[in-house]
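Worksheet: one structure, shown below.
In the numbering used here, the protein residues as written are 1 to 393.
As structure tokens, then:
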């Protein structure tokens, strides 16, 4: 409604004579579809309905796309003045109401029991970790009703009878998806005295299809690794746990990028094989650990006794595995099946953050690289990693 209102007001600023209303209604339909699409891409309708900054970004991107469309359609009757006024008014109205509601909440001018609070501002929180840090977090958040926090209770690795700081113990992390559904939770807060990054990754992987906002109370390392926003409640920082790689748009972008690049790499590899054979390379079939423990087969180039998959060139035949979907161009380190094989949450890649290191990364170090990559994934990060891998050849 606010988008439509802004455009209708901007319509009055069109040079006379005003264009017919059927043109105006077509613009409204196009702009609303663009807005919803952009809002979904930037995460405005995914756990952050009241993010005025994302609403402003969505307004700017929607205006830019509309202006491009208007420029391409030379017969359009939308004047630049009309488009600019539409952008200004929509940018005021859509982020504005979000900011206004948040200011009223912070000033305690909206009752926590009111309809607006319950529908827009209520933050139904489950604290994941019933240790000392979790109890401290619950105590601090409970003091700030003006921020909309409603502590539902605790979950932990093991069952704890009774109540914790007057809040109920809801169950173990194994039952977390069902607990979230039953209690209609909107936020999770992880404490690192009970759960490490690997534990959090495992839990997030189990609830990645659920619409819930996750935070951690970080250690210093997480400030370095995380690019997400930080909300500070007294002396407790809450850092968003937003694994970019799980976003539907990023999944589509990454898979599309993998298909396009691996198609050309596969063609190049087939073309270069005769020359590679002449200089001593041989194809060797191997079995590898894929995402979530899946085992797949692929080919490597081997040169001499010590070669075989340690460089980007030796991994080129694996571009066929990327094309099949078993691997990615950029991903986790490629490992062979053995009893100590790590559990991969990202597809193994021809290159990746771990592979850029001089020595092979294992254990906690490998997990930290995977954690960083999943948290910060973007197409530009993939391109940056590929460029650095090529410079090492």
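Ideal Cβ placement from N, Cα and C applies to all residues, glycine included.
Limits of the beta strand (DSSP E) - the one that residue 332 falls within: Stepping through the chain shown from its first residue, residue 332 is reached at position 332. Here residue 332 belongs to no beta strand (DSSP E), and DSSP marks it neither H nor E.
Pick from 188, 179, 290, 63 that is closest to residue 125, judged by C-alpha positions: Translated into the one-based positions of the chain shown, residue 125 becomes position 125. Closest option to residue 125, Cα to Cα, is 188.
The beta strand (DSSP E) enclosing residue 191, as first and last residue numbers: Mapped onto the chain shown, residue 191 falls at position 191. Its beta strand (DSSP E) spans residues 187-191.
The segment 322-338 / the segment 262-274 touching (three or more Cβ pairs under 8 Å): yes
Continuous beta strand (DSSP E) stretch holding residue 245: start and end: Along the chain shown, read from residue 1 onward, the residue named residue 245 stands at position 245. Per DSSP, residue 245 belongs to no beta strand (DSSP E) and is neither H nor E.
Per-residue burial, residue 68 [other beta carbons within 10 Å of its own, 16 or more giving buried]: Residue mapping note: residue 68 aligns to position 68 of the chain shown, counting from 1. In summary, residue 68 is exposed, with fewer than 16 beta-carbon neighbours lying within 10 Å of its beta-carbon over all protein chains present.
Cutoff 6 Å; reference residue 135; Cβ partners in own chain excluding five residues on either side: The sequence position of residue 135 within the chain shown is 135, counting from 1. Hits under 6 Å: 165.
9 Å Cβ cutoff met for residue 347 and residue 374: Along the chain shown, read from residue 1 onward, the residue named residue 347 stands at position 347. Along the chain shown, read from residue 1 onward, the residue named residue 374 stands at position 374. If you check the CB distance, residue 347 and residue 374 do not come in under 9 Å.
Option in 169, 257, 274, 319 with minimal Cα separation from residue 154: Within the chain shown, numbered from 1, the residue matching residue 154 stands at position 154. Closest by alpha carbon: 169.
Residues near residue 253 in its chain [Cβ-Cβ closer than 8 Å; skip 5 each side]: On the chain shown, residue 253 is found 253 positions in, with the first residue counted as 1. Only 379 meet the Cβ criterion.
Spatial distance of residue 203 from residue 29 (CA atoms): Residue numbering aside, residue 203 sits at position 203 when the chain shown is read from its first letter. Residue numbering aside, residue 29 sits at position 29 when the chain shown is read from its first letter. So the two alpha carbons sit approximately 40 Å from each other.
Bridge-paired residues (DSSP) for residue 298: Walking along the chain shown from the start, residue 298 turns up at place 298. Beta-bridge pairing links residue 298 to 286.
6 Å CB neighbourhood of residue 299 in its chain, flanking five on each side removed: Looking up residue 299 in the chain shown gives position 299. The residues are 283, 285, 317.
Residue 172 to residue 213 span [Cα, whole Å]: Counting from one through the chain shown, the residue named residue 172 turns up at place 172. Counting from one through the chain shown, the residue named residue 213 turns up at place 213. Their backbone Cα atoms lie some 19 Å apart in a straight line.
Proximity of residue 128 and residue 195 at Cβ, strictly below 9 Å: Position 128 of the chain shown, counted from the start, is the residue given in the question as residue 128. Position 195 of the chain shown, counted from the start, is the residue given in the question as residue 195. Cβ atoms of residue 128 and residue 195: closer than 9 Å.
Assigned secondary structure, residue 64 (DSSP; H/G/I helix, E/B strand, else coil): For the purposes of this step, residue 64 is identified with residue 64 of the chain shown, where counting begins at 1. The answer is helix: DSSP assigns residue 64 an H, G or I state.
Straight-line Cα distance separating residue 201 from residue 144: For the purposes of this step, residue 144 is identified with residue 144 of the chain shown, where counting begins at 1. For the purposes of this step, residue 201 is identified with residue 201 of the chain shown, where counting begins at 1. Spanning the two alpha carbons is a distance of roughly 29 Å.
Under the three-state DSSP convention, the category residue 36 falls into: Residue numbering aside, residue 36 sits at position 36 when the chain shown is read from its first letter. Residue 36 falls in the helix class under three-state DSSP.
Residue 173, DSSP secondary structure in three states: Against the chain shown, residue 173 aligns to sequence position 173. Correct three-state label for residue 173: helix.
Opposing strand residues paired with residue 349 [DSSP bridges]: Mapped onto the chain shown, residue 349 falls at position 349. Per DSSP, 328.
Residues near residue 150 by beta carbon distance below 7 Å, same chain, minus five either side: Looking up residue 150 in the chain shown gives position 150. For residue 150, where only same-chain residues beyond five positions count, the Cβ hits under 7 Å are 122, 123, 124, 125.
Beta-carbon proximity check, residue 356 vs residue 385, cutoff 9 Å: Taking the chain shown and counting its residues from 1, the one referred to as residue 356 is at position 356. Taking the chain shown and counting its residues from 1, the one referred to as residue 385 is at position 385. In contact: residue 356 and residue 385 (Cβ atoms closer than 9 Å).
Residue 149 (DSSP reduced to helix, strand or coil): On the chain shown, position 149 is the one that residue 149 refers to. Strand at residue 149.
Supposed close pair residue 344, residue 332 - CB separation, criterion 8 Å: Position 344 of the chain shown holds residue 344. Position 332 of the chain shown holds residue 332. Between the beta-carbon of residue 344 and that of residue 332 there is about 5 Å, and that keeps the pair under the 8 Å contact cut.
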